[in-house]
Each structure stands twice: as C-alpha cells, then as structure tokens.
Amino acid sequence: MSSGSAAEADRRLDVRTIDGEPFGDIVATLSDLGPEETLLLINSFEPVPLYDVLEQRGFVYETTQVADDEWHVRIDHA
C-alpha cells in the first residue's frame with residue numbers, strides 16, 4: 758500500500774459509469790499510466806479481486822471506503 762491523498766491522483770476512472778465488466782477499461786488505463794502518474798479508481802464495492810492483478814503488474818494501492826456504495830482505490834507504480 759502507498760500513502761497519499763486520493764485528491765492528488767493524476768487520473769480518475771469511475772467504473773460505476775461503465776456498462777458491463779470494467780476490467781478491460783481498468784487494464785487499459787493502467788497500461789497508459791505514466792511511471793510517475795497515479796490513478797484514482799472509483800467503484801461501488803471493494804474490488805478485492807483486482808488487488809492481485811495490481812500487485813502482479815507492479816502497482817501498489819490504497820483503498821478507502823467513502824460511502825456505503827463508494828470505494829476509492831489510489832493506484833501507484835511500485
């Protein structure tokens with residue numbers, strides 16, 4: 758996990774607005790993320806299955822539940 762505020766993220770991806778499975782959109786956004794950039798992923802649930810994928814791809818993350826149906830995951834390169 759990393760430190761830092763979600764407000765400091767360079768990019769935002771709100772997957773709650775995606776119709777269907779958002780995994781492809783998440784992977785594409787991660788692939789485009791520059792080495793010094795951070796991503797704020799917004800989801801309606803804690804994306805636990807994503808954590809292994811992030812670690813395998815060399816990312817660290819910090820997850821915060823901001824409402825009953827809103828989770829923020831700040832993602833940085835390890």
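In short: position in the sequence shown from 1, add 757, done, that's the numbering used here.
Beta carbons are placed, not taken as given, at the ideal position from N, Cα and C, and that holds for glycine.
Assign residue i to one of two classes, buried (16 or more other C-beta atoms within 10 Å of its C-beta) or exposed (fewer than that).
i, result
"residue 816", "buried"
"residue 698", "Residue 698 lies beyond the range of the chain shown here (758 to 835); nothing can be said about it."
"residue 795", "buried"
"residue 779", "buried"
Have a look at the options and flag the residue whose alpha-carbon is nearest the alpha-carbon of residue i.
i, options, result
"residue 804", "792, 831 and 789", "831"
"residue 808", "802, 818 and 800", "818"
"residue 800", "834, 833, 775 and 835", "775"
"residue 790", "769, 777, 825 and 773", "769"
"residue 716", "793, 773, 802 and 772", "With the chain covering 758 to 835 only, the question about residue 716 has no answer from this structure."
Q. Curious, which full-length beta strand (DSSP E) runs of at least 3 residues does the segment 768-827 contain?
A. 768-771, 796-800 and 816-824
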